[in-house]
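In the working numbering, the protein residues as written are 170 to 675. Take a look at the structure set out below.
Next up, the structure:
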């Protein structure tokens, strides 16, 4: 095993804030080295320095033992370094084959495009990246039509095509199902067997302990320790990351169904179908004070069902009942009127407006609350935002802070605050902790539990089985656009959920 990458005493400051403080990090050939830490710990800054997107203030970066004097994205790519981020950067209006080609092919004037070779090359790389057959066989699909997992597979195919020897994976499983995670891990094993080194960034502890050989923990810009996974357990690793003891990540209590008013059915779906959303014959109920987990493979219809309930893709047939009364929902405005709120999966694209201050994001779904005669009252906006900054424990400089400056976990809380400001009775959460660190995840889970305890009905979509099992009172599993089965908290297991999700249950 030889050293592929060495970062020694790396420092970096932004506007007087010390992002990295003498960080050491090394990667060997054939190794998966996990890089963990809370949001803001310095992981992204270190990766940007390795990939040449940022220059270190001091320290040394070496590849194959040779110092990299003037790093840049072009230099790092030529050195065999490739990074795949949580938010893939494909050109949406180009095909999959074109996206792969644009990163691999040489550039020159008046060069004839060999479309057949381009498609064949794309198919081969997609297969090596573990793409499902329907994606690998159709490289002419537009990138805009790909799901997030499919986009990540295309990025991996690009890295394989570039013969990357140092592969950086930043939250690669954030939106993947268990089956897709297994496929990704198979690709990683193939790459490491060929001598590549992988820097693996994730907030999922079970994945870290399964895939990594060594683990480096960053906290407040410092490397507080590097461990072989046999030398540390989950609790010790979390303590190293957050610098304090952390209460349980899944603070779920038994739902108070049947006690007092809690327990009445808040939302009921009866054979709900939407051809546009590819949702068919869905029957499901969520009671007040209950958290119903919605599991299934990506593409099973979970998000599409949420969008149908919320009026983004209205139902063609079936019924939606809110507190026992049939309602027709053909737009989000109608859903909000009926007390339904929806926090979408992609917080950067649909959850928050990063360029707007916190106060404007919080009020966006309920402008009537902060307006007078059509004019927004900024004082009322600030007051509303401060209420939720305190209630949800949002770490921000204040209501005027630009949302882009917040960590992922706090951006997610702002997205949640926006919909809580509409005073909903039914809350739909799509991947509520995707891409947030373990400390923020515990806080968000606590908030969800507190909302349920106050009587809110919660439908929670998650690709993370540990989260589904840890937080749900009941678990509905989707397959091919419909509910395949519903499990109680007591009877639910990972194997039972996966069998339903795959449509293979007996």
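C-beta atoms are modelled at their ideal positions from N, C-alpha and C, and glycine is treated no differently.
Nearest by alpha-carbon distance to residue i: which of the options is it?
i	options	result
residue 264	248, 284, 254 and 246	284
residue 180	211, 195 and 419	211
residue 195	178, 206, 185 and 270	178
residue 483	490, 491 and 474	474
residue 648	560, 470, 619 and 305	470
residue 579	613, 547, 555 and 632	613
residue 255	646, 528 and 322	322
residue 229	450, 174 and 186	174
residue 398	203, 292, 367 and 351	203
residue 379	393, 392 and 358	358
residue 577	302, 604 and 189	604
residue 267	671, 439 and 312	312
Taking just the CA atoms, how far does residue j sit from residue i?
i	j	result
residue 411	residue 552	31 angstroms
residue 345	residue 544	43 angstroms
residue 248	residue 240	10 angstroms
residue 242	residue 355	28 angstroms
residue 667	residue 651	15 angstroms
residue 522	residue 454	32 angstroms
residue 200	residue 192	19 angstroms
residue 509	residue 381	41 angstroms
residue 464	residue 504	23 angstroms
residue 362	residue 334	11 angstroms
residue 231	residue 216	14 angstroms
residue 554	residue 526	10 angstroms
residue 287	residue 401	46 angstroms
residue 427	residue 657	In this prediction, residue 427 scores a pLDDT of 40, lower than 50, which makes its location untrustworthy; the coordinate-derived value is nonetheless stated afterwards. Using only the alpha carbons, I get a separation of about 16 angstroms.
residue 290	residue 477	38 angstroms
residue 528	residue 567	9 angstroms
Write down the C-beta distance between residue i and residue j rounded to the nearest angstrom, noting that I regard them as a contact closer than 8 angstroms.
i	j	result
residue 532	residue 550	5 angstroms
residue 435	residue 595	5 angstroms
residue 441	residue 487	4 angstroms
Here's a check: name, in chain order, each residue in its chain whose Cβ is nearer than 6 angstroms to the Cβ of residue i, leaving out the five neighbours to either side.
i	result
residue 557	531 and 586
residue 245	220 and 221
residue 520	513 and 584
residue 160	In the structure as shown, the chain begins at 170 and stops at 675. Residue 160 is therefore absent and cannot be evaluated.
residue 309	264
residue 319	304
residue 364	198 and 199
Under a three-way DSSP split, which group does residue i fall into?
i	result
residue 354	helix
residue 578	helix
residue 442	strand
residue 609	helix
residue 399	helix
residue 429	Any reading at residue 429 is ruled out, since the residue's pLDDT is 38, under 50, leaving its predicted position unreliable.
residue 255	coil
residue 515	coil
residue 175	strand
residue 181	strand
residue 589	helix
residue 615	helix
residue 245	helix
residue 372	coil
residue 190	strand
residue 536	helix
residue 544	strand
residue 235	strand
Compute the minimum distance between the beta carbon of residue i and the heavy atoms of the ligand ZN, and state whether it is under 7 angstroms.
i	result
residue 284	You won't find the ligand ZN in this model; it holds no ligand whatsoever.
Might you give, ordered along the chain, the residues of its own chain that have their beta carbon closer than 7 angstroms to the beta carbon of residue i, omitting 5 neighbours on each side?
i	result
residue 389	210
residue 329	294, 297 and 298
residue 226	180, 181 and 182
By Cβ distance below 8 angstroms, which residues in the same chain neighbour residue i in space, the five residues on each side in sequence not counted?
i	result
residue 205	212, 370, 371, 372, 377, 384, 385, 386, 387, 406 and 410
residue 607	207, 372, 374, 407, 410, 411, 415 and 418
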